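A short write-up of the structure that comes next.
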Amino acid sequence: MAKFGQNHLKMDLQLKDKLFIVGGAGDGFGKAVTLALAGEGAHILAVSRTQQKLEVIKQEFPEQIDFVTGDITSDEIQDVILAKTGISSVSGVVVNAGGPPAGGFQEMSMEQWDEAWRTVVRWKISFINKLMPVLLSNRYGRVVCIESVSVKQPVDNLILSNALRPAVVGFVKTAAREVASEGITINVLAPGYHRTAAMERLFVKRSEQEHISVSEAKSQFEAEIPVGDMGRPEELANLALWLLSPLSRYVTGQTITHDGGIVRGIFG
């Protein structure tokens, strides 16, 4: 009898030669998903505000990765993206960008709340709305929004994320039902604590508040995770690949946490 792991067949996610748009592709989750898609033979239009980072990932898969440099939350860059893809061939999109600044309720001005509405909620509705006519025409599409565990359980010092990301979940749940019969799925990934720049900012924030070192702050966060350490963006990317594949046909309107067990709610 073959031992586990020997002579196994690799799962075919049926992503080869399909075209995907990935936001926030220069770092973190967006970069991890971009490289994972390319590894499956897909083609990717990667979007980031930092061209140098995009050039680096393109070097790994020069024939499969193209890019647009700019802020995906802006209407102008969204239009550039859609024009460049030859939108009729898009199979899916990873709706992802940097999050709002860390801080508590009394630290945030109304201007920051207005900006967070634009960068956390509005642009996602706008971008998906622009894509939807083509996906409906093709009767196929996969949309994955990368949000935060804060949609399930508030995170200290993230008042803007805690308050506004749940609006994206409400939008996704409603929109997903409206297009489910057309071969289109829309889902949310809600990552917990991962090895990303966003977490580094939380470490710094806690270290300042509690007058401890950044490494001590990191240890405090890790102590909250039942699995015992930070997640890796590459691990979340594997879950995103499945949601972006034809195999996920029967999963839509869902918010799936990837959190090492942090969320305490029964439906976490």
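Numbering (the working numbering), first residue to last: -11 to 256.
The beta-carbon is built from N, C-alpha and C at its ideal position, and this holds for glycine as well.
Owing to the predicted nature of the structure, the values given are computational and were not obtained by experimental measurement.
Thinking just about the alpha-carbon of each residue, which of the options is nearest to the one in residue i?
i, options, result
"F209", "F159, N145 and N226", "N145"
"P50", "Q197, N117 and G29", "G29"
"N117", "K206, N226 and E166", "E166"
"P214", "A205, S201, V251 and T107", "V251"
"S207", "F191, N126 and H199", "F191"
"V108", "G27, F159, A225 and Y238", "F159"
"F115", "G11, K161 and I200", "G11"
"A228", "E198, E135, L70 and H199", "E135"
"M120", "W101, L70, M(-1) and S201", "L70"
Determine, using beta carbons only, whether residue i and residue j come nearer to each other than 7 Å.
i, j, result
"F8", "L23", "no"
"G16", "P221", "yes"
"V35", "A13", "yes"
"V132", "V82", "yes"
"V68", "V56", "yes"
"H182", "G219", "yes"
"R194", "A90", "no"
"T173", "T240", "yes"
"W111", "T38", "no"
"L1", "S203", "no"
"I53", "F93", "no"
"L152", "A85", "no"
"S149", "P88", "yes"
"N175", "Q66", "no"
"G58", "R130", "no"
Could you tell me the alpha carbon to alpha carbon distance between residue i and residue j, rounded to whole angstroms?
i, j, result
"L33", "G253", "36 Å"
"S169", "K6", "21 Å"
"K72", "Y128", "20 Å"
"K41", "G18", "12 Å"
"S236", "W230", "6 Å"
"A205", "A186", "14 Å"
"V122", "E196", "48 Å"
"E212", "S125", "46 Å"
"L3", "G171", "16 Å"
"G27", "A225", "11 Å"
"K161", "E64", "27 Å"
"H(-4)", "E198", "Residue confidence is low: H(-4) scores 47 on pLDDT, short of 50, so the model does not pin down where it sits. No coordinate-derived value is stated."
"A163", "Y238", "15 Å"
"I200", "H31", "45 Å"
"M261", "D102", "Within the shown structure, residues of the chain are numbered from -11 to 256, placing residue 261 beyond reach of any answer."
"E223", "R106", "29 Å"
Quick test of your reading: residue i and residue j, contact by CB under 8 Å. State the CB separation rounded to the nearest angstrom.
i, j, result
"I244", "L177", "6 Å"
"D247", "P179", "7 Å"
"K140", "G256", "5 Å"
Item to check | Any 3 or more C-beta pairs closer than 8 Å across the segment 35 to 50 and the segment 97 to 113 | outcome: No, the segment 35 to 50 does not touch the segment 97 to 113.
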